[in-house]
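Have a look at the structure below, then the notes.
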Amino acid sequence: MFQTPTPHISAKPGDFGKTVLMPGDPLRSRFIAEHFLENPVLVNNVRGVQGYTGTYKGVKVSVMASGMGMPAIGIYSHELFNGYGVENIIRVGSAGSIQEHIHLYDLVLAQGACTDSNFAAQFHLPGTFAPIASYELLSAAVESAKEQKATYHVGNVNSSDVFYGDHEGVPEGLDSVYGLKKMGVMALEMEAAALYMNAARYGKRALCICTISDHILTGEETTSEERQTAFTTMMKVALETAVKMEGK
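Just so we're on the same page, our numbering is the position in the sequence shown counted from 1, plus 15.
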C-alpha cells in the first residue's frame, strides 16, 4: 500500500470518491468537473493531470485524467487503487471504430480488451491473460446507456501500445487491423487492458467506455475540441453508473 500523497498524485487521504472517471485528456477531466459535478474541487494537478472531486446526484464522484497509453493509466490506476482506496475506475475515452456498423459518436463498452502490450509480463503468469471488465460496472453501464437512449455496443476492444502503426507494404490479410476486425473487435484504443489488469490484481473494479472519435475504415474523424466537450452522452452514462455503484 502506498502512503498518500503518492509519487504522482498530490491529493490527501479521503480526497477521492469511491468511483473515479478517468479520461485521457486533462481538459476533458476539467470539462466533466465543471459541467456535471456540484462543488468540484481540484485535488490533484501534478504534471497538469487534473483531478477533481465533487458530487453528482448527491454521490461523491471524482474525475482525473490518465494521459495516453498503458504505462500512464497503469501508474495512475495503481496509485488510486492502492493509495486512495478507490474501488471503481471508469475510463471515459475515445476510440477508433474498425467495424462498419459502429459509427462516429457511438459508445463502445469494453467487455474485454485484447492487447499487443507486454504489460501482463510483470504479473509472472503462465500463458496469456484475458483482461476483462467488472461485470457489475458493465451491467450498470448498459442499464445507464439504455436510460440515456445511447447507441452503444458491448464487446472487445484492442488496447495498443502504438498509435502510428507501420503498415506500409503489409498485405491486407496479414494486417493487424484486418485480423482484429475479422475476430469481431469493435474498436482500437490504448488504455483499457492495463486498467483491467490492475483492477484484477488488486481486487477492484474497472470499465472502459469509449466514444467513437474516428473511423479507421472510412477516414471519418472528430476534432480535438469535439473530443474534449462533445462526448456528453458517454459522460452521463459513466456518472449514472457511478451513482448505481455507490451502495455496492
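Note that CB positions come from ideal geometry on N, CA and C, so glycine has one too.
Among the options, which has the Cα closest to the Cα of residue i?
{"i": "residue 146", "options": "226, 122, 80, 171", "result": "171"}
{"i": "residue 120", "options": "166, 79, 81", "result": "166"}
{"i": "residue 196", "options": "215, 173, 216", "result": "173"}
{"i": "residue 138", "options": "126, 215, 109", "result": "215"}
{"i": "residue 39", "options": "83, 156, 253, 259", "result": "83"}
{"i": "residue 115", "options": "231, 35, 160", "result": "231"}
{"i": "residue 177", "options": "253, 86, 75, 154", "result": "86"}
{"i": "residue 96", "options": "247, 49, 224, 211", "result": "211"}
{"i": "residue 51", "options": "64, 68, 63, 41", "result": "68"}
{"i": "residue 81", "options": "72, 93, 71", "result": "93"}
Within the continuous alpha helix (DSSP H) that includes residue i, where are the two ends?
{"i": "residue 93", "result": "85-98"}
{"i": "residue 235", "result": "Element bounds for residue 235: n/a, residue is neither H nor E."}
{"i": "residue 254", "result": "247-260"}
{"i": "residue 165", "result": "Residue 165 -> no alpha helix (DSSP H), and no H or E assigned at all."}
{"i": "residue 192", "result": "191-197"}
Less than 9 Å between CB atoms is the rule here; does residue i satisfy it with respect to chain C?
{"i": "residue 90", "result": "Note that chain C does not occur in the displayed structure, where there is just one protein chain."}
Where does the unbroken beta strand (DSSP E) through residue i begin, and where does it stop?
{"i": "residue 212", "result": "Note, residue 212: premise wrong, no beta strand (DSSP E); alpha helix (DSSP H) at 207-216."}
{"i": "residue 102", "result": "Run containing residue 102: none; DSSP gives neither H nor E here."}
{"i": "residue 222", "result": "220-230"}
What is the DSSP secondary structure of residue i, counted as helix, strand or coil?
{"i": "residue 125", "result": "strand"}
{"i": "residue 57", "result": "strand"}
{"i": "residue 112", "result": "strand"}
{"i": "residue 175", "result": "coil"}
If you count every other CB in all the chains shown that lies within 10 Å of the CB of residue i, and 16 or more means buried, which is it?
{"i": "residue 27", "result": "exposed"}
{"i": "residue 128", "result": "buried"}
{"i": "residue 18", "result": "exposed"}
{"i": "residue 136", "result": "exposed"}
With respect to 8 Å, is the separation between the Cβ of residue i and the closest non-hydrogen atom of the ligand SAM below this value?
{"i": "residue 61", "result": "Ligands in the displayed structure: none, and consequently the ligand SAM is not present."}
| When the Cβ atoms of the segment 59-68 are set against those of the segment 240-248, are three or more pairs found closer than 8 Å? | no
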